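First comes the structure, then the notes that go with it.
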Amino acid sequence: MFGFFEGKSWDASDIPDLTGRIAIVTGGNTGLGLVTVRELARHGARVYMLSRNESKAITAIDEIKNEIPEANVEFIHFDLQSLKSAKQAAESFLAKEDRLDILINNAAIMAVPYQLSEDGIELQACNGTGHVALTLPLLPVLKRTATDPNSRVRIVNITSIAAGGAHKPDFTNLDTLNRPFWITVVRYANSKLFNMLFTNELQKRLEGTRIYCLSVHPGVISTDIWLGLNQSWPWLSPLHAIRRRLMLTPYQGALTQLYAATSPEVEAKDLKAAYLVPVGKVGNKPSLGEDKKGELGKGFMDLCEKLIAKNS
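The sequence shown: position 16 = 16 (the UniProt record's numbering), numbered continuously.
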């Protein structure tokens, strides 16, 4: 089975009591995000499910509450492909809450045909830019929460082993960010590298705080993210059923981000800016993801901040 899942290891039953904790999960209405929302809520957290599909999100929340009557889950609209929407989602959350313990940037699209967002950003690059735009206005409440001596504040960015296939990222301007390359999966690989670089740079900016930033490869999971591949190459659609049998389940895939978001081992092992693979193991970042001089991370964040200032 793909995804490095080996035998009995950490699972959702190991999540500590999260009563009083507040969490945000993007893309929370389906796949890994839905499992993550459900398990955080099961263990007592109040969870905000961020999604652009309100009807699907409300249905998902109803299903969670039917299974876990005490679950405290709310919906906030969030379109990953809109910088303005990201800012509005952050503002909607801040109007409701004065603390934030867990931010899981989970939403993503993969291998879709080349297209630009309303902000002129290549859609897969929005896997990175959209989450930066959501996270930055939330940093003050995250920092404030981290001053509570009993807090365990985490920012978890979902990346992928695919980041190892990233090719010549260039953050000079929007045109270089939007390069089409020769195949859609390279754009996806670059977007997952962006998530890793964001984690690295964010951890540097949060030096001196008790906030832990982590990037997570969940494994190769059977979720709807593969539908983008079918859009680019429709002839692959018949393989969808085969993929589902070979890949990890959404529950298995969600475990490493749940570990990153909740396990006390994160502090005990000092996993700041760590890259985790299933289940909760420290993996080796690709060379571009190591970004030892910090130039790529800074370049990506600088470009994101320019785009956010212009479009939100």
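All C-beta atoms in this analysis are idealised placements derived from N, C-alpha and C, irrespective of residue type, glycine included. All figures in this text were calculated on a predicted structure; none of them were measured in a lab.
{"Check": "Short Cβ contact (7 Å threshold) for Met110 with Tyr212", "Outcome": "no"}
{"Check": "Buried versus exposed, by CB contacts within 10 Å (16 or more), Pro69", "Outcome": "exposed"}
{"Check": "Exposure label - Asp291; buried when at least 16 CB within 10 Å", "Outcome": "buried"}
{"Check": "Backbone secondary structure at Val279 - three-state DSSP", "Outcome": "coil"}
{"Check": "Length of the line joining the Cα atoms of Ser9 and Leu116", "Outcome": "41 Å"}
{"Check": "C-beta atoms of Ile15 and Thr262 nearer than 7 Å", "Outcome": "yes"}
{"Check": "For Asn157 and Ala125, the rounded distance between their alpha carbons", "Outcome": "14 Å"}
{"Check": "Reduced DSSP secondary structure (H/G/I, E/B, other) of Ala309", "Outcome": "helix"}
{"Check": "Beta-carbon proximity of Leu248 to Ala260, cut-off 7 Å", "Outcome": "no"}
{"Check": "Option nearest Ser13 by Cα separation, candidates Thr36, Gly31, Gly28", "Outcome": "Thr36"}
{"Check": "As assigned by DSSP and simplified to three states, the class of Val35", "Outcome": "helix"}
{"Check": "Alpha helix (DSSP H) runs wholly inside the stretch 95 to 149, at least 4 long, in chain order", "Outcome": "126 to 135, 139 to 146"}
{"Check": "Bridge partners - Met49, DSSP secondary structure assignment", "Outcome": "Val25, Phe75"}
{"Check": "From Gly208, Ser151, Ala274, residue whose alpha carbon lies closest to that of Asn195", "Outcome": "Ala274"}
{"Check": "Leu248, DSSP secondary structure in three states", "Outcome": "strand"}
{"Check": "Residue burial classification, Thr159 (beta-carbon count within 10 angstroms, cutoff 16)", "Outcome": "buried"}
{"Check": "Endpoints, the beta strand (DSSP E) within which Asn157 is located", "Outcome": "154 to 158"}
{"Check": "C-beta contact flag for Gly20 and Ala107 at 7 Å", "Outcome": "no"}
{"Check": "Neighbour-count burial assignment, Asn66, 16 or more Cβ in a 10 Å radius", "Outcome": "exposed"}
{"Check": "Pairwise C-alpha distance: Gln252 and Ile221", "Outcome": "8 Å"}
{"Check": "CB contact flag (Asn72, Arg46, <7 Å)", "Outcome": "yes"}
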